[in-house]
Amino acid sequence: MKFAVLIGFLLCCSLQISAQKIFSVDADYKADVKVFVTDRDYKADLLVYKVDADYKARDNRGLWFFTNADYKADKKVFFVDADYKADLIIHVVDAEYKAQWKDSSLQHLMW
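Taken in order, the sequence shown gives residues -19 to -1, 1 to 92; the numbers are from mature numbering (1 follows the signal peptide of the UniProt record, and there is no 0).
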């Protein structure tokens, strides 16, 4: 019985670990998170690096893979045109090692 509970717990945890597969929706009401892309890293809550394969989008540390279908995504995002409309402000970086949370209090948005 304890073994079954442990397996269930580990399965739930592993499902939450890879929550960085993203699908961009065309309306804000369809989104899980509203995102604004800023041109400066110091203004961002999260520094994002776009990876080229879904298996690289692991952990909640800013490695995003954009899927071509909403059912493949862990999170659906809508890109807004102003920072005050956003739940999360991101800046896209040019290297994987630069991806990180600047404001860790918002990490729950991407779980």
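Ideal Cβ placement from N, Cα and C applies to all residues, glycine included.
With H, G and I counted as helix, E and B as strand and the rest as coil, what does DSSP make of residue i?
i	result
residue 110	Outside the displayed span of the chain (-19 to 92) sits residue 110, for which this structure offers no information.
D64	helix
D35	helix
D13	coil
D40	coil
Would you mind reading off the limits of the beta strand (DSSP E) that contains residue i?
i	result
W45	L44 to F47
V58	K56 to F60
Per DSSP, residue i is paired with what?
i	result
H72	L28
V18	I71
K2	F46
Does residue i pass the burial test, meaning 16 or more other C-beta atoms within 10 Å, or should it be called exposed?
i	result
A34	exposed
Are there any heavy atoms of the ligand NAD lying less than 6 Å away from the beta-carbon of residue i, as far as the coordinates show?
i	result
N41	Of ligands this structure carries none, so the ligand NAD is not represented either.
Against chain C, does residue i count as a neighbour if the rule is that its beta carbon must be under 7 Å from one of theirs?
i	result
W92	Of the protein chains in this structure there is only one, and it is not chain C.
Would you check if there are 3 or more beta carbon pairs closer than 8 Å linking the region 35 to 55 to the region 16 to 25?
Taking a contact to require three or more Cβ pairs closer than 8 Å, the region 35 to 55 and the region 16 to 25 do not qualify as touching.
Could you say if the region 36 to 47 and the region 63 to 70 meet the contact criterion of at least three C-beta pairs nearer than 8 Å?
no
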